[in-house]
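Heads up, the sequence shown is in this note's numbering, so the first residue is 137 and it goes up one at a time. Virtual Cβ for every residue (Gly too), placed ideally from N, Cα, C.
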Amino acid sequence: MRGGRPLAGEVTIDGAKNAALPLIAATLLAAKGVCRLENVPALRDISTITRLLSGMGAEIEQRENVLEISTAAVSDCQAPYELVKTMRASILVLGPLMARFGEARVSLPGGCAIGARPVNLHIRGLEQMGAEIKVEHGYIIGRAERLKGADISFDLTTVTGTENLMMAAVLAEGTTTLRNAAREPEIVDLAVFLRKMGARIEGEGSHTITIEGVRKLSAAAHRVMPDRIEAGTFMVAAGISRGDVVIRNAPLAALGAVVAKLQEIGLNIEPLAPWSEDEVLSGTPVRIRRRAGGLRGLDVKTMPFPGFPTDMQAQVMVLLALAEGSSVISETVFENRFMHVFELQRMGADIEVEGRTAVVRGVPTLSGAPVMASDLRASAGLVLAGLAAEGETVMSRVYHLDRGYAGFEKKLAALGADIERVKN
Ligand code: EPZ
């Protein structure tokens, strides 16, 4: 890509990857019927989890962004290492398999570039629900007659941990309470779908979720919420390129901390239709421009929702690399999520990392360079840097980007960016 072109025009956000993955896993809970999921993003991670379910015996039809899934014929409750190692979120089949079949053999996801990412809280919660869990030869092996409701407190907030145990609880005997549960909008999206299937859930989106187990769930239809991280990424793209972009369906209520932070840095984020803070799942058209005057450096601390999301940390760092003054970015969620820093330094950014803190001193310009993607959101950040940098940037290992953004370079080119995919 070659930087310097202000983005202009309109862009539509795809369905949220981190909502679609648990929704697809949840179809394992329906003993009969066909679940229909709309607005499913065309991403590598989505094909991985659909391959995983087909391997178990699920029947899946995919047409455009619609998935029709029947899991009536599922018999092989396994998630093999070959698939799980390519996508950690495969762990999301553990809860549904234990709930419906009382057995599961799921490969331990293992760490990834951004951290060790243990799943001890998923396992402990299932044990509290009466499951017998063994971890051997790199696999989680679970058995349970029928899971029993339990009062489960998380000592730290875990998004997929909350989702896994919510899905385990919907068919358990009795009531389950999840305390210090994660509050991400994708969890709300999942709860809405489970309720359509016949589940009894209250409190999703708050710190305490109560689930009253039922005997069985039936198939249902659902539309995946818009991807708040893709929307946030395009907001930064508009700002960093001094553009003027309309995002047709930004889930503003799910982006509160991001919008506040970007406005403080110096972006104009203007809703073009009425929206409500309580509607975390719905999209609103919004216009993004850069305010007159420079970008202002300020501190950012990533936190679980509703705080500033860790999945937007790399993107906001790139914006701050071009702001006036210094910014301190604290990454409180993952222990190693600054890999993009070393590549940004090669583009002329002035950033120093101390453990989980990065000090960013703004520079007037970045310069294009050959860079390497290390993980999904780092790769998004590097593309944003390339949009603003002088000269040409070539990013290798673009497959990281494809895990979370469908046709990212095409959408940016349609907004006027000088960007193309040279090879996968
Ligand atoms: C989800 O990952 C997202 N993935 C991540 O998005 C996101 O960055 C993360 O939540 C935080 O918001 C999906 O939803 C598929 P966590 P998850 O469990 O659930 C520790 C992206 O870019 N922890 O909330 O795996 C863990 O190590 C991806 O789209 C335990 O110690 O994250 C981390 O430090 C990246 N034990 C912290 O909690 C556990 O049992 C939060 O992790 C579970 C988690």
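{"Check": "Whether Asp538 touches Leu219 by CB criterion (8 angstroms)", "Outcome": "no"}
{"Check": "Any 3 or more C-beta pairs closer than 8 angstroms across the region 323-331 and the region 285-294", "Outcome": "no"}
{"Check": "The region 269-280 in contact with the region 523-532 per 3-pair CB rule at 8 angstroms", "Outcome": "no"}
{"Check": "Ligand 1 heavy atom lying under 7 angstroms from the CB of Leu518", "Outcome": "no"}
{"Check": "Three-state secondary structure (DSSP) of Ala356", "Outcome": "coil"}
{"Check": "Buried or exposed by the 16-neighbour rule on C-beta atoms within 10 Å, applied to Asp363", "Outcome": "buried"}
{"Check": "The region 171-191 in contact with the region 385-404 per 3-pair CB rule at 8 angstroms", "Outcome": "no"}
{"Check": "Alpha-carbon to alpha-carbon, Leu228 and Met333", "Outcome": "18 angstroms"}
{"Check": "Buried versus exposed, by CB contacts within 10 Å (16 or more), Lys546", "Outcome": "exposed"}
{"Check": "Pro254 beta carbon near ligand 1 (any heavy atom closer than 7 angstroms)", "Outcome": "yes"}
{"Check": "When Met302, Arg141, Met448 are compared against Leu512, the one with the closest alpha-carbon", "Outcome": "Met448"}
{"Check": "Between the CA atoms of Lys168 and Met265 - distance to the nearest angstrom", "Outcome": "25 angstroms"}
{"Check": "heavy atom of ligand 1 below 7 angstroms from Thr186 C-beta", "Outcome": "no"}
{"Check": "Boundaries of the beta strand (DSSP E) in which Arg315 is found, first to last residue", "Outcome": "311-315"}
{"Check": "Distance CB(Ala240)-CB(Cys213) smaller than 8 angstroms", "Outcome": "yes"}
{"Check": "Which of helix, strand or coil DSSP assigns to Tyr535", "Outcome": "helix"}
{"Check": "Backbone CA spacing between Glu299 and Glu479 [nearest angstrom]", "Outcome": "34 angstroms"}
{"Check": "Same chain, Cβ closer than 7 angstroms to Ile259, neighbours up to 5 away in sequence not counted", "Outcome": "Ile269, Ile276"}
{"Check": "Residue(s) in a DSSP beta bridge with Pro407", "Outcome": "Val422"}
{"Check": "Under 8 angstroms between C-beta atoms of Ile160 and Gly419", "Outcome": "no"}
{"Check": "Distance cut-off 7 angstroms: Lys153 Cβ against heavy atoms of ligand 1", "Outcome": "yes"}
{"Check": "CB-CB length for Glu309 against Arg282, believed under 8 angstroms", "Outcome": "5 angstroms"}
{"Check": "The alpha helix (DSSP H) enclosing Ile323, as first and last residue numbers", "Outcome": "321-332"}
{"Check": "Ala459 vs Leu502 beta-carbon contact at 8 angstroms", "Outcome": "no"}
{"Check": "Leu157: CB within 7 angstroms of a non-hydrogen atom of ligand 1", "Outcome": "yes"}
{"Check": "Leu143 beta carbon near ligand 1 (any heavy atom closer than 7 angstroms)", "Outcome": "no"}
{"Check": "Inter-residue Cα distance where the pair is Thr312 and Glu340", "Outcome": "13 angstroms"}
{"Check": "Option in Met223, Phe544, Arg199 with minimal Cα separation from Gly247", "Outcome": "Met223"}
{"Check": "Backbone secondary structure at Thr438 - three-state DSSP", "Outcome": "strand"}
{"Check": "For Lys270: DSSP bridge partner residues", "Outcome": "Ile277"}
{"Check": "Chain-order list of residues whose beta-carbon lies under 7 angstroms from that of Asp554 (same chain, five-residue window excluded)", "Outcome": "Met137, Arg138, Arg141"}
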